[in-house]
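Here the structure comes first, spelled out in structure tokens, and everything after it is commentary.
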Amino acid sequence: MTTIYIDADACPVKDETYKVAARNGLKTYVVSNSWIRVPATPAIEQIVVDAGPDVADDWIAERAGPGDVVVTNDIPLADRVLKAGGQAIAPNGRVFTGDMIGSALASRSIGEHLRSMGEVTSGPKAFGPQDRSKFLQALDQAVVKARRVVPR
-18 MTTIYIDADA CPVKDETYKV AARNGLKTYV VSNSWIRVPA TPAIEQIVVD
32 AGPDVADDWI AERAGPGDVV VTNDIPLADR VLKAGGQAIA PNGRVFTGDM
82 IGSALASRSI GEHLRSMGEV TSGPKAFGPQ DRSKFLQALD QAVVKARRVV
132 PR
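Anchor point for the sequence shown: position 8 equals -11 in my numbering, and the numbering is continuous, going up by one each time.
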């Protein structure tokens, strides 16, 4: 069965994800380093992992596979999910694909290198209503695609 995993720390589209998951009857894991309020339903499970770099990412990557959808801004996590056969979507609606993940990882690495040298980089643009709309569209499409991989 298709499962949705939310890399929940600082995720601006948790409520939208809950609605899509409920509409489609999907189990959802909300993974974070601290407690986050989630709807009281058996279909949504909160997972609080230890604090530390990549602990939440590791928890998700160890479980996500074919037919699953991961909501994350984390490019290395998206890469791991794709390699496991799952789908990854950023909160702004950007769908991570095998064709673009290499260049996304390279861009991330370059940005980290520049910041480590003291360069000031622009960072991501502000999250807006158009991003939320793109995300909902991308998540609906991902669920349809996932259902073809793992039928109900």
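Note that beta-carbon positions come from the ideal geometry of N, C-alpha and C, so glycine has one too.
- Less than 8 Å divides the Cβ of D49 from the Cβ of T(-16).
- In terms of Cα proximity to M(-18), the closest of I28, K0, D38, R44 is R44.
- Close CB contacts of L63 within its chain, under the 7 Å cut and outside five residues either way in sequence, are with A69, F77, G79, I82 (chain order).
- When the Cα atoms are used, D121 and V19 turn out to be separated by approximately 21 Å.
- Under the three-state reduction of DSSP, E(-3) is assigned to helix.
- Looking from the CA of G6, the closest CA among N14, I25, A21 belongs to I25.
- Residue environment: S13 is assigned as buried (16 or more neighbouring CB atoms within 10 Å of its CB, all protein chains considered).
- For K126, the enclosing alpha helix (DSSP H) starts and ends at 110 to 130.
- Within the stretch 26 to 86, the complete beta strand (DSSP E) segments of 3 residues or longer fall at 50 to 52, 68 to 70, listed in chain order.
- In this chain, the beta strand (DSSP E) harbouring I(-15) covers -16 to -12.
- Linking A107 to N73 through their CA atoms gives a straight-line distance of about 10 Å.
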